[in-house]
Amino acid sequence: MENVPRVAGIIACELEPGGRLERFAHLGFKPHLISMDDYGVPQRRRRCVAGNFDFELLKEYSAVLERPTLGQVVKALAADPVSDPLFGIIMPRADLVDHVAEEPLSLEEVRINRANKANHTVYNAMPFPDPLDRSVRTITATCTRVSRESIVIAAPDTPNAYRRLTVRERASLQGFPITFQFYGQNYGQKLRMVGNAVPPAFAYLLGHALSGTPVKALPPLASHAASLRAPEPVSKETPPDRPGARYPATRRFRFAIPSLQLKSGVRFEFRNRFEKGDGRWAIDFYFGTSKEIMSVPLDRTLQARFASTFPQGWPSSVATVLSDLSAYLADADLQNMQRVWCHQGLGLTRPFMVLDELDALGRRLREALMEHPRLAQAIIDQAISLVFDEAPSPPPGLAKLARNAATIAAGLLIGSSANAILERGFELEARPRPAVGFG
2 MENVPRVAGI IACELEPGGR LERFAHLGFK PHLISMDDYG VPQRRRRCVA
52 GNFDFELLKE YSAVLERPTL GQVVKALAAD PVSDPLFGII MPRADLVDHV
102 AEEPLSLEEV RINRANKANH TVYNAMPFPD PLDRSVRTIT ATCTRVSRES
152 IVIAAPDTPN AYRRLTVRER ASLQGFPITF QFYGQNYGQK LRMVGNAVPP
202 AFAYLLGHAL SGTPVKALPP LASHAASLRA PEPVSKETPP DRPGARYPAT
252 RRFRFAIPSL QLKSGVRFEF RNRFEKGDGR WAIDFYFGTS KEIMSVPLDR
302 TLQARFASTF PQGWPSSVAT VLSDLSAYLA DADLQNMQRV WCHQGLGLTR
352 PFMVLDELDA LGRRLREALM EHPRLAQAII DQAISLVFDE APSPPPGLAK
402 LARNAATIAA GLLIGSSANA ILERGFELEA RPRPAVGFG
């Protein structure tokens, strides 16, 4: 059996005395964790493989296998004739099925992909685009044009453009021969067929390990090229996904401000939220641990606490940044920003424009507060005490906030200041307009 890595611990535990698999323990059934790229599949797909077989023999196969890369697969499938990068099958490119490239990602889609990979609000950073000189991350069963899981590469015929992989490229990276047919009704079904599969190139090796084939007698995949002809009829081409033209009025936006983001989920996010049908824009702050995620509301109460605690005002370098923040938001077309984000109307300000400005201002304010370390820590102390003073114990993660005091204090000031302006703008927009009479 094959499954995700965490199953290995479950199986090992259940095979112990008292476990639900105890009665099968005498069969010698053992779980092993492997990575598919160690077995000739150009994909870093970590899986648990469990059974009673000669696993040491399987590991011997790994030592004699090549390690193809994403770039080699893409290049091989772009050639004419096509040469299968794993199985050595040769065919005219015109006969290759499911190799229709999507339209390049739009500028908005590129931005979302880059943010989801390089600056995700919680998970570790990924490279963007995906590097061609190594195997790829796990090929998943589902992905969209803007998902973190999508493999994105440069579009070869369009400068500064990017695209997702075709079904056929994904299939080759999953260890399928280029003649294999995916009889799905639509593009999404074919992606699921590929992503849910056990890589055939690995299953081939597993079969030989179960049969006890010595490593010196292991036939290469290419020795079967002549027998791997495409069945008839071949699968029908299914059109790939297209960029979204319009989105729901409640389309979500939630991205970390890069200059105010630390690892392990400590971050300031710019997001929209829908309460009673109304879309509101704001900055949120999260810290703590993966098991205890804490938050400090960046609202007018916090802004008032800062005003009363620091009546003398801020150093000029800090005050200048906050003044620039107020001026930018005052000029921004915030009222139309959600409509622009949903592609349902015109406006002068896009959400990513605001995110970029918050990033730049956050970087400036962080540098300014580095010159005032005591002030930065005092800002954090006031924010934490406002929320957690009556808590039975201090919240987790305070030491990390202290080590990064300038960054956290900058986020607290920018967040509370920006949210006050954003909230006032929403209240003005929601206020009923007086009737106008004529005559």
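Position one of the sequence shown corresponds to residue 2 (this note's numbering), numbered consecutively onward. Each residue gets a CB set at the ideal place from its N, CA and C atoms; glycine is no exception.
Buried or exposed (CB count within 10 angstroms, at least 16 for buried), residue i
i           : result
residue 302 : exposed
residue 44  : buried
residue 440 : Because the pLDDT at residue 440 is just 38, under 50, the model does not fix this residue reliably, and the point stays unresolved.
residue 406 : buried
residue 28  : exposed
residue 21  : exposed
residue 14  : exposed
residue 96  : exposed
residue 91  : exposed
residue 217 : exposed
residue 435 : Low confidence applies here, because residue 435 scores a pLDDT of 48, under 50, leaving its location unreliable and the question unanswered by this model.
residue 190 : exposed
residue 398 : buried
residue 7   : exposed
residue 241 : buried
residue 81  : exposed
residue 297 : buried
residue 262 : buried
residue 118 : buried
Euclidean distance between Cα positions of residue i and residue j
i           : j           : result
residue 188 : residue 345 : 27 Å
residue 39  : residue 62  : 9 Å
residue 226 : residue 116 : 42 Å
residue 442 : residue 105 : There is simply no residue 442 to check, as the chain begins at 2 and stops at 440 in what is shown.
residue 183 : residue 414 : 54 Å
residue 59  : residue 210 : 6 Å
residue 381 : residue 403 : 8 Å
residue 156 : residue 243 : 15 Å
residue 112 : residue 11  : 39 Å
residue 177 : residue 212 : 21 Å
residue 331 : residue 385 : 29 Å
residue 54  : residue 102 : 41 Å
residue 437 : residue 167 : Interpretation of residue 437 is limited by its pLDDT of 41, a score under 50 that renders its predicted location unreliable; the figure taken from the coordinates is listed afterwards. Each residue's alpha carbon lies about 57 Å from the other.
residue 295 : residue 339 : 27 Å
residue 292 : residue 265 : 11 Å
residue 192 : residue 170 : 11 Å
residue 17  : residue 37  : 28 Å
residue 79  : residue 259 : 36 Å
residue 310 : residue 422 : 21 Å
residue 424 : residue 276 : 13 Å
residue 131 : residue 288 : 29 Å
residue 134 : residue 199 : 24 Å
Run of the alpha helix (DSSP H) containing residue i, from where it starts to where it stops
i           : result
residue 309 : 301-310
residue 56  : 56-64
residue 72  : 71-79
residue 117 : 108-119
residue 8   : 8-15
Residue span of the beta strand (DSSP E) that contains residue i, given as start and end
i           : result
residue 31  : 31-36
residue 294 : 294-296
residue 52  : 47-52
Whole runs of the beta strand (DSSP E) within the region 318-406, excluding any shorter than 3 residues:
none
Pick out the complete beta strand (DSSP E) segments inside the region 124-210, 3 residues or longer, and give them in chain order.
153-155 and 163-165
How do the region 235-247 and the region 341-358 stand: do at least 3 beta-carbon pairs fall below 8 Å, yes or no?
yes
Whole runs of the beta strand (DSSP E) within the region 216-269, excluding any shorter than 3 residues
255-262
Say whether the region 410-427 touches the region 310-327, bearing in mind that this needs 3 or more beta-carbon pairs closer than 8 Å, one atom from each stretch.
yes
Taking 8 Å as the threshold, find out whether the region 42-57 comes into contact with the region 136-147 through three or more Cβ pairs.
yes
Decide if the region 50-59 is in contact with the region 145-153; the criterion is three or more beta carbon pairs, one per stretch, under 8 Å apart.
no
Mind the definition here: the region 349-361 touches the region 262-272 only if three or more C-beta pairs lie below 8 Å; say whether that holds.
yes
Taking contact to mean 3 or more Cβ pairs, one atom from each stretch, closer than 8 Å, check whether the region 200-209 and the region 123-134 are in contact.
no
I'd like to know if the region 359-372 and the region 306-321 are in contact, where contact means that at least 3 CB-CB pairs between them fall below 8 Å.
yes
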